[in-house]
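Have a look at the structure below, then the notes.
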Amino acid sequence: MKRWQKVVGGVLVLVVALGALAYTFRTDLILWGVKNRDLPDIAAQTPDINWEQGPAQAERPIEERPPNVILILADDLGINDISAFGGGVADGLVPTPNIDRIAAEGVNFTNGYAGNATCAPSRAMLMTGRYATSTGYEFTPTPAGMGRVVNMVSGDIRPDLPSGNYDPDKDAQRPEYESQGLPSEEITLAEMLKPAGYHSIHIGKWHMGVSPELDPLGQGFDETLTMSEGLYLPEDDPNVVNAKVDFDPIDRFLWASQRFAGTFNRSEPFAPGGYLTDWWTQESLEAIEANKNRPFFMYVGHWAPHTPLQATKADYEAVGNIKPHRLRVYAAMIRALDRSVGQILDKLEEEGIADNTVVIFSSDNGGAGYIGLPEVNAPYRGWKLTLFEGGVRVPYMMRWPAGIPAGHTVEQPATHIDIFRTIASMTGAQLPDRAIDGVDLLPVATGSGPIERADDAIYWQSGSYWAVRAGDWKFQIDQHQGKSWLFNLADDPTEQVNLVDQEPQMAERLLGLLNAHHKDRKLLYPSTTLMPAMVDKSLAEEYEEGDELIYWPN
């Protein structure tokens, strides 16, 4: 063999070997590339947050003004994380007395529902009172190619699960990430309240668009302290305790891609002034102080307890020796969230404006199965990314001492889209000239009348996966699998017995409602990924043939 042939042969062998090695470690290489991509700098110095100061003296006493409104939204909070619902994180070891206080001093909707089983579209429904079929905003924004990366990483680290699907052609049809959001022509709560004289403040997560026409300022808020990255503290901060969830591809992606940063009124990114939950709370108190003499609307979009799981060392020590480690970190995050609510309630009392301030608390969707904590949504089946009760049933409570009697419980189903019309009713703000899908909850909250909605129906959807609750009946259809579920929630609130074969007429009726709901469906852009989600197992458990699955489009 000639020398050049030997050289070429050796190079080919080396290329094949390197290719095989790269394929073997492709997940690590992909995440390394994500972590080391070119990114804008983050200013190390936290600037002073100078909230616009309202009048030094109120023109009218607080009881003669329209009520202030504070909307506090948790992220991925499980229904069983709240002790008011009889449970509490870590078998009740970490109670939530401050969140419970809203329910005790106001109204607790015990059948409260999120707008969707994932964050962004649920937030849009809350902010507009309109279904995704009306706004077209149906899927959570993702950067180009993220679906491909998550699908590939998932296949590598979770080969036990059925494969998902990524469609590059549909991904090419999406607008750039910054422009994926709630359309600017939609009317938000802030825009509705502005003509009524309200000053509107956003603090925390937004997730409904990044471009100037779609960010909080573009959607009617006067000020915004916005989360721009996903860490609660730097990973190596001396005051943080981290819990990585290696069996979850999304968690792996977050740790590789996210940093510690925020912005104020479209400033350049800077390092926040402390652990996000606590810092946002402190700034919320400063904003209340600045606006106590005029009507204000404040939307506090907490990141907690969404992954990545990070707690302060102080909270981690305070919750005690809970096992496993990730549950202890999660419990510490819930403790911080509950403390935040308590500090906001106390500040309202301190400023003498508590009686005429509406405080609403909820979560954008149910607890996530991918954190591997099986009790967060107990006793309900399913998780975030499913339309079973565990994915969409959420804490839903409001307090308004001047307008709502204390200790009132409502069992009729209420959903996020109802908040828009309810706030309009409370404040006297004029509804926008368009269809509002939600109903006014004030009559049922005060005990003066029931909830009345067309067909007694609440709808959810993501791509080819739909659900409806009408009265006590709930129907789901996963069109990718060609599978349906029908449950009578009066007899079977935890969705154990699928009655789709025993009650074909009811299944047909509810499918008819879903088809009618989607008749004039608006869709801004298609889904690009289809990911399997186990219904009865957290992601910490292995998938076995025959386990119940849904396929979640995004």
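Residue numbers (our numbering): 1159 to 1712.
Beta carbons are placed, not taken as given, at the ideal position from N, Cα and C, and that holds for glycine.
(request) Along the alpha helix (DSSP H) that carries D1513, what are the first and last residues, could you check? (result) Segment: none, D1513 is in no alpha helix (DSSP H) and carries neither H nor E.
(message) I'd like to know whether the C-beta atoms of L1467 and I1529 end up nearer to each other than 8 Å.
(response) In this structure, L1467 sits near I1529, with a CB-CB distance shorter than 8 Å.
(request) Compute the distance between the beta-carbons of M1584 and V1693, then report whether it is under 8 Å. (result) No, they are not a contact pair.
(request) Taking the CB atoms as reference points, tell me whether F1455 and L1351 lie closer together than 8 Å. (result) Cβ distance < 8 Å, so F1455 and L1351 count as in contact.
(request) State the start and end residues of the unbroken alpha helix (DSSP H) segment that holds L1697. (result) L1697: not part of any alpha helix (DSSP H); DSSP gives it neither H nor E.
(message) At 4 residues or longer, what runs of the alpha helix (DSSP H) sit wholly inside the stretch 1575 to 1643?
(response) Complete alpha helix (DSSP H) runs here, min 4: 1576 to 1585, 1600 to 1604.
(message) Considering Cα atoms alone, identify which of K1680, D1678, S1642, E1444 is closest to M1664.
(response) Residue S1642 holds the alpha-carbon nearest to the alpha-carbon of M1664 among K1680, D1678, S1642, E1444.
(request) Over the uninterrupted alpha helix (DSSP H) stretch that includes N1256, give me the two end residues. (result) N1256: member of the alpha helix (DSSP H) spanning 1255 to 1262, first to last residue.
(message) By alpha-carbon positions, which one of R1417, S1386, D1613, H1360 ends up nearest to D1394?
(response) Of the candidates R1417, S1386, D1613, H1360, the one whose C-alpha sits nearest the C-alpha of D1394 is R1417.
(message) In this structure, how does DSSP classify G1432 when only helix, strand and coil are distinguished?
(response) DSSP places G1432 in the coil class of the three-state scheme, outside both helix and strand.
(message) Applying the 10 Å Cβ sphere with the 16-neighbour rule, what's the burial state of L1197?
(response) Around the beta carbon of L1197, a 10 Å sphere encloses fewer than 16 other beta carbons of the protein chains shown; the residue is thus reported as exposed.
(message) Would G1339 and L1383 qualify as a contact pair, given that the criterion is a beta-carbon distance under 8 Å?
(response) Against a cut-off of 8 Å, the Cβ pair of L1383 and G1339 comes out as no contact.
(request) Name the two residues that bound the continuous beta strand (DSSP E) containing S1358. (result) Annotation for S1358: the continuous beta strand (DSSP E) segment containing it runs 1357 to 1362.
(message) With three or more C-beta pairs closer than 8 Å as the rule, is the stretch 1491 to 1505 touching the stretch 1197 to 1215?
(response) Segments in contact, no.
(request) Just the C-alpha distance for Y1617 and A1302, rounded to the nearest angstrom, thanks. (result) Straight through space, the alpha carbons of A1302 and Y1617 are spaced by roughly 29 Å.
(request) Quick one: grab the DSSP three-state call for N1274. (result) In the structure shown, N1274 sits in coil (DSSP, three-state: anything other than H, G, I, E or B).
(message) If the criterion is Cβ atoms closer than 8 Å, does the pair V1597 and I1609 meet it?
(response) For V1597 and I1609, yes; Cβs fall inside 8 Å.
(request) Use the C-beta contact count for Y1709: other C-beta atoms within 10 angstroms, 16 or more gives buried, fewer gives exposed. (result) The residue is buried, with at least 16 neighbouring Cβ atoms inside 10 Å.
(request) Find out if the Cβ-Cβ distance for the pair M1285, L1347 is shorter than 8 Å. (result) Yes.
(message) In this structure, how does DSSP classify R1551 when only helix, strand and coil are distinguished?
(response) Looking at R1551 - three-state DSSP - the assignment turns out to be strand.
(message) I want to see whether chain C comes within less than 8 Å of T1580, judged by CB atoms only; does it?
(response) In the displayed structure, chain C is absent; only one protein chain is listed.
(message) Just to confirm, is the Cβ distance from H1360 to Y1457 under 8 Å?
(response) Cβ atoms of H1360 and Y1457: closer than 8 Å.
(message) Please list the terminal residues of the continuous beta strand (DSSP E) segment that includes T1384.
(response) That run of the beta strand (DSSP E) goes 1381 to 1385.
(message) Cutting at 7 Å between CB atoms, please list the residues of its own chain near G1322, excluding the five before and the five after it.
(response) Hits under 7 Å: N1309, S1312, T1687, L1688, M1689, P1690.
(request) Report yes if the CB atom of R1484 is closer than 8 Å to the CB atom of V1403, and no otherwise. (result) R1484 places its beta carbon less than 8 Å from that of V1403.
(message) Tell me which residues share the same chain as I1237 and place their Cβ nearer than 7 Å to its Cβ, disregarding the 5 neighbours each side in the sequence.
(response) Same-chain partners within the cutoff: F1243, G1524, N1535, Y1538, R1551, V1552, P1553.
(message) Whole angstroms are fine: how far does the CA of M1556 sit from the CA of G1260?
(response) In the sequence under discussion, the amino acid at residue 1260 is Ile, which differs from the Gly named in the question. Taking the straight line joining both Cα atoms gives about 6 Å.
(request) Closer than 7 Å by C-beta to A1698: which residues in its own chain qualify, once you throw out the five before and the five after it? Chain order, please. (result) Exclusion of the five residues before and after A1698 leaves F1405, G1530 as the residues of its chain whose Cβ lies within less than 7 Å of its Cβ.
(request) Helix, strand or coil for N1266, going by three-state DSSP, please let me know. (result) Note: N1266 maps to strand in three-state DSSP.
(request) Could you please give me the residues that DSSP links to V1403 through a beta bridge? (result) Answer is none; V1403 lacks a bridge partner.
(message) Could you compute how far the alpha carbon of V1265 sits from the alpha carbon of E1569?
(response) Separation of V1265 and E1569 (C-alpha to C-alpha, rounded to the nearest whole angstrom) is 11 Å.
(request) Could you tell me the boundaries of the beta strand (DSSP E) in which V1568 lies? (result) Taken as a continuous stretch (DSSP letters only), the beta strand (DSSP E) holding V1568 covers 1566 to 1568.
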